[in-house]
Every structure is written in structure tokens, then in C-alpha cells.
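**Q** Take a look at this one; I'll ask things after.
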Amino acid sequence: MGSVVWFWTKVALVLIVLDVLLFDVGWFWDVQAGPRAQNRGFWDLARRMATPVGDGPPILALGDSAVRRALPEGMMMRKLAARGVRGGAFRNFAIEGTDTTDAAVLAYASGDLEPWLVVYGASFADFKPNVKTSLIETLFADSGMGLETIWPRRFDDRLGYVVKHYWKLYKYRTFVRPALLEHAGEWMSSVVREAEAQQQSLSLGERGSRGRGRTAELGARFPTNFRRSASFPAWLLWYETQSFADYERYLLTRNKGAVARAYRDRRSHPWDVSSSPQLEALRWMLEFYRRRGTRFVLAYFPENPVFRNPEANEYFDVAASDATAALLAEEAARAGARFEDLRSALAPEDFVDMVHPNTAGGEKLAALLSRVVAEEWRRKRREGDAATAMR
167 MGSVVWFWTK VALVLIVLDV LLFDVGWFWD VQAGPRAQNR GFWDLARRMA TPVGDGPPIL
227 ALGDSAVRRA LPEGMMMRKL AARGVRGGAF RNFAIEGTDT TDAAVLAYAS GDLEPWLVVY
287 GASFADFKPN VKTSLIETLF ADSGMGLETI WPRRFDDRLG YVVKHYWKLY KYRTFVRPAL
347 LEHAGEWMSS VVREAEAQQQ SLSLGERGSR GRGRTAELGA RFPTNFRRSA SFPAWLLWYE
407 TQSFADYERY LLTRNKGAVA RAYRDRRSHP WDVSSSPQLE ALRWMLEFYR RRGTRFVLAY
467 FPENPVFRNP EANEYFDVAA SDATAALLAE EAARAGARFE DLRSALAPED FVDMVHPNTA
527 GGEKLAALLS RVVAEEWRRK RREGDAATAM R
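The structure is reproduced here in C-alpha cells:
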């Protein structure tokens, strides 16, 4: 009996040491290649959450791809420094394809960072009912929080979540095999293939990217890969005509029409945000930060005004967006959070589609939100000074 106990004790010790070396010391996060492309963003997010940077409590951004693309950490830090905001770093934990439940999961998972301010960039699509378990939930929904949408009811499932919380080698199992066990040659060959594909794309797009004057000026609103794609000439045509029919033709060039199909599909399956389980996740997140004394900005992110054209009815529900804005404002006020309706903050030429800003749009949005953060920073300092004076 003693030998059996000693054997399993050694196994446990080996696992503990391995977990410490891989995740706490950081050997695992030092693997530069990461997993395959479809999970690379999630791997990078997990790595960054496990490796805090900066002095003092950070500013945290949560949301989907629009938030991720619009608020690069370096640019936001420069803008905040210019406005006199000092202290912790700006951390953008937004990630592609996430919804409000995912944001709530990440709110809890990043709680140890103790942010003084959280900016959640919401969009109408974040509240779409989701019957599938996302990778964010698989990775981080092991924390025991009270979200009915993700917290299992059965005891054995709960026990499994607790084990995952402390056994990181299992928690990050989605990444461990491709990151540590697959042959390095596969990583290298995939990198080479991506580089070759990118070079081919650049070469093919070269002919359409040599514009002068106004074309070059408009092209500066977009990254290089967009200007060298087939989408840019279609976008330029829309810009000249301002016709929604031409914008639709441009939209169909994006990802072989997948973007347009996604918007149409979402529009053809309407849902009521007020009864969505995602709304419960938002309420949980607001209450979570209220109890911790963390300032919270609920920002309804910009929407392309093009889609308010009656001709765009098959793609966008104006009434649903307006109703959602009113509902979010109420939820924020109830929780003592700040609500910012940014839906009309950008012009049509600041977007690449319905919700994703281009380079110029991202710059404007970062400027707007850096102002909001700076206002919260000054308000926080005034409240701190007033509390000190009353002692």
C-alpha cells in the first residue's frame, strides 16, 4: 500500500514541477511558433494573460475582433500618455469571434490582474444566442463563477473544472500537443507556406495598387494587404458612387463573399436581446466589477452608417440596434458603469465592412476611447484625493 501511495505521490510531484516550469517559469509561453493558425490567437491570449506587464493595475479591453483591431496596445499607450494617464499598461484581451459570455469568462480569468478600468466594446452580434461551447469557455470556464450559461450543475463536472483550474497542463491541452509534441518541421513548413502565399498575394495585387493622387490618399486608410487585394478597386468604386449596390458588390469581394453571407444569415435569424442568455452574462460581468470597485465602460462600438440605408435591410436591423443601445444604457446605469454609444462615431469610409474599422477608423476610435479613459483616470484621482482629505 505504501509503495502505491509513494508512486502516485511522485507522479503528482512530477506534474506539479512540470506545470511550474512550463507555465509559471514560462517555458511553454516561450514557444514562439504557437499552435496551428486557427488557435493561434487563443494561444497568444492565454500566454499574455499569464505574463503580466507594466507597473500598477492595468486598463483592460474586452470584446471581439472589432475591439482587437481598433485598439492596438502600443497606440493606446501612446495616446493615453499624451493625455497624462500614468500607471498600469493598456491590455487588449479582445479576440476574434467572441461574444458576451466569452467576455465574462475572460473577466473572471483575468481578475488576478486587478484592472482599475475595464472597457467592454459591445456590438449587437455579441448578444446572439450561442448553443456551442466556445474555446474561451473550454480554456477559462474552470473558475467556479456563477454564470448559469457556463457553470455546470453536476458535481463531477464541477470537480473537473476545479482540477482544470489548478492543472494548467490539462487546462491548456488544446495547445500543448501542437506546441510541444508535433515535429518542429511542421511549424517551419507552415510558416514557409504562409510566407509564400502572402508573397504571391502581394505579387498578384501589385498591378491594382499603383495609384496616384486621390487613390493613394484613400489607400492610406487601409493596410497594405487590403490595398493590394481585389477588394480595394471595388471599394474605390463605391466611394465614388456612394451607391449601396456598389457597396454590396464590394462586400462580396471580402473573403469570397463569406462576410456578406454572415451578415445576411444573422439578419434572417433575428433574436430578442432582452431575453438572450448573453444579457445575463453582461449583468454578471457588470456586477463582478462593481463588487471589486473596478471602473467599467460599456461602449457600444461603431456601426457603418452605410447599413442604415433602407437598401441594406437584408443585412442589418436598424430597430434592433437602437433597442439594444437603449437596453445597454439601462444596464450600465443600473450597475453604476459608464455607457458610451459610439455607433455613429465613424464615417462610412472609416470601415472595411459593417463593424470593423479600417486603419483610419481605428485611429479615430482609439482617440475617442483614450479620451474616455483619461476622463475616468482624472475622476479616479479626484475621488482618491477627496477620500484622503476626509481622513
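When we follow the numbering used here, the leftmost residue of the sequence shown carries the number 167, and every step to the right adds one. Ideal Cβ placement from N, Cα and C applies to all residues, glycine included. Everything numeric in this text was worked out from a predicted model, so none of it was measured.
Measure how close the beta-carbons of F505 and L494 come, nearest whole angstrom, since I'm counting them as under 8 angstroms.
**A** On the sequence shown, residue 505 is found 339 positions in, with the first residue counted as 1. On the sequence shown, residue 494 is found 328 positions in, with the first residue counted as 1. Right, their Cβ atoms sit about 6 angstroms apart.
**Q** Give, in chain order, every unbroken run of the alpha helix (DSSP H) that is at least 4 residues long and sits entirely within the region 388-459.
**A** Correct list: 390-393, 397-407, 410-417, 424-434, 443-458.
**Q** Need the endpoints of the alpha helix (DSSP H) that F306 sits in, please.
**A** As a working note, residue 306 is residue 140 in the sequence shown. Where F306 is concerned, the enclosing alpha helix (DSSP H) stretches over 301-306.
**Q** Between which two residues does the beta strand (DSSP E) carrying Y286 extend?
**A** For this step, residue 286 is matched to residue 120 along the sequence shown. Taken as a continuous stretch (DSSP letters only), the beta strand (DSSP E) holding Y286 covers 283-288.
**Q** Measure the C-alpha to C-alpha separation of L237 and F293 and round it to an integer number of angstroms.
**A** Residue numbering aside, residue 237 sits at position 71 when the sequence shown is read from its first letter. Residue numbering aside, residue 293 sits at position 127 when the sequence shown is read from its first letter. Going by the C-alpha atoms only, they are around 21 angstroms apart.
**Q** By alpha-carbon positions, which one of W437, E239, E406, A553 ends up nearest to T490?
**A** Within the sequence shown, the letter at position 324 stands for residue 490. Checked all of W437, E239, E406, A553; the closest Cα to T490 is W437.
**Q** Quick one: what's Y466 bridged to in DSSP?
**A** Position 300 of the sequence shown holds residue 466. A288, D507.
**Q** Going by CA-CA distance only, name the one from E480, I225, G229 that's closest to R433.
**A** Taking the sequence shown and counting its residues from 1, the one referred to as residue 433 is at position 267. The shortest Cα separation from R433 among E480, I225, G229 belongs to E480.
**Q** Please look up how many angstroms separate the CB atoms of F259 and L246, rounded, as I've assumed it's under 8 angstroms.
**A** Locating residue 259 in the sequence shown gives position 93, counting from the first residue. Locating residue 246 in the sequence shown gives position 80, counting from the first residue. The Cβ separation is near 17 angstroms, so there is no contact.
**Q** Does DSSP put L228 in a helix, in a strand, or in coil?
**A** Looking up residue 228 in the sequence shown gives position 62. The answer is strand: DSSP assigns L228 an E or B state.
**Q** Under a three-way DSSP split, which group does S517 fall into?
**A** On the sequence shown, position 351 is the one that residue 517 refers to. Checking the sequence shown, residue 517 turns out to be Phe, not Ser. The answer is strand: DSSP assigns F517 an E or B state.
**Q** Going by DSSP, what residue range makes up the alpha helix (DSSP H) through R252?
**A** Stepping through the sequence shown from its first residue, residue 252 is reached at position 86. Here R252 belongs to no alpha helix (DSSP H), and DSSP marks it neither H nor E.
**Q** Is the region 408-418 touching the region 538-545, taking contact as three or more C-beta pairs under 8 angstroms?
**A** No contact exists between the region 408-418 and the region 538-545.
**Q** Can you say whether E453 is buried or exposed, counting buried as having 16 or more other CB atoms within 10 angstroms of its CB?
**A** The sequence position of residue 453 within the sequence shown is 287, counting from 1. Counting Cβ neighbours within 10 Å, E453 comes out exposed, since fewer than 16 surround it.
**Q** Can you name the start and end residues of the alpha helix (DSSP H) that Y274 belongs to?
**A** As a position in the sequence shown, residue 274 is number 108, starting the count at 1. Where Y274 is concerned, the enclosing alpha helix (DSSP H) stretches over 266-275.
**Q** Is there a C-beta anywhere in chain D that falls below 9 angstroms from the one on R394?
**A** Considering every chain present, this structure includes no chain D. It has just one protein chain.
**Q** Using DSSP's beta-bridge definition, name the partner residues of P523.
**A** Counted from its first residue, the sequence shown places residue 523 at position 357. According to DSSP, P523 bridges with F517.
**Q** Might you give, ordered along the chain, the residues of its own chain that have their beta carbon closer than 7 angstroms to the beta carbon of L448, omitting 5 neighbours on each side?
**A** Here residue 448 corresponds to residue number 282 of the sequence shown, with the count starting at 1. If we look at L448 and ignore the five residues flanking it on each side, its Cβ neighbours are T266, E497.
**Q** I'd like to know if the region 268-284 and the region 418-431 are in contact, where contact means that at least 3 CB-CB pairs between them fall below 8 angstroms.
**A** These segments do not touch.
**Q** So the candidates are I182, R537, R249, A428; which of them puts its Cα closest to the Cα of D519?
**A** Here residue 519 refers to the residue found at position 353 of the sequence shown. It is A428.
**Q** So, using beta-carbon positions, are G229 and S289 closer together than 9 angstroms?
**A** As a position in the sequence shown, residue 229 is number 63, starting the count at 1. As a position in the sequence shown, residue 289 is number 123, starting the count at 1. The answer is yes: Cβ separation under 9 angstroms.
**Q** Does E383 pass the burial test, meaning 16 or more other C-beta atoms within 10 Å, or should it be called exposed?
**A** Here residue 383 refers to the residue found at position 217 of the sequence shown. Answer is exposed; the Cβ neighbour count stays below 16.
**Q** Work out the CA separation of S169 and E262 for me, nearest whole Å.
**A** Here residue 262 corresponds to residue number 96 of the sequence shown, with the count starting at 1. Here residue 169 corresponds to residue number 3 of the sequence shown, with the count starting at 1. Those two C-alpha atoms are separated by around 50 angstroms.
**Q** What's the call for W401, buried or exposed, on a 16-neighbour Cβ count within 10 Å?
**A** Indexing the sequence shown from 1 puts residue 401 at position 235. Buried is the call here.
**Q** Name the two residues that bound the continuous alpha helix (DSSP H) containing R500.
**A** Along the sequence shown, read from residue 1 onward, the residue named residue 500 stands at position 334. Element bounds for R500: 484-501.
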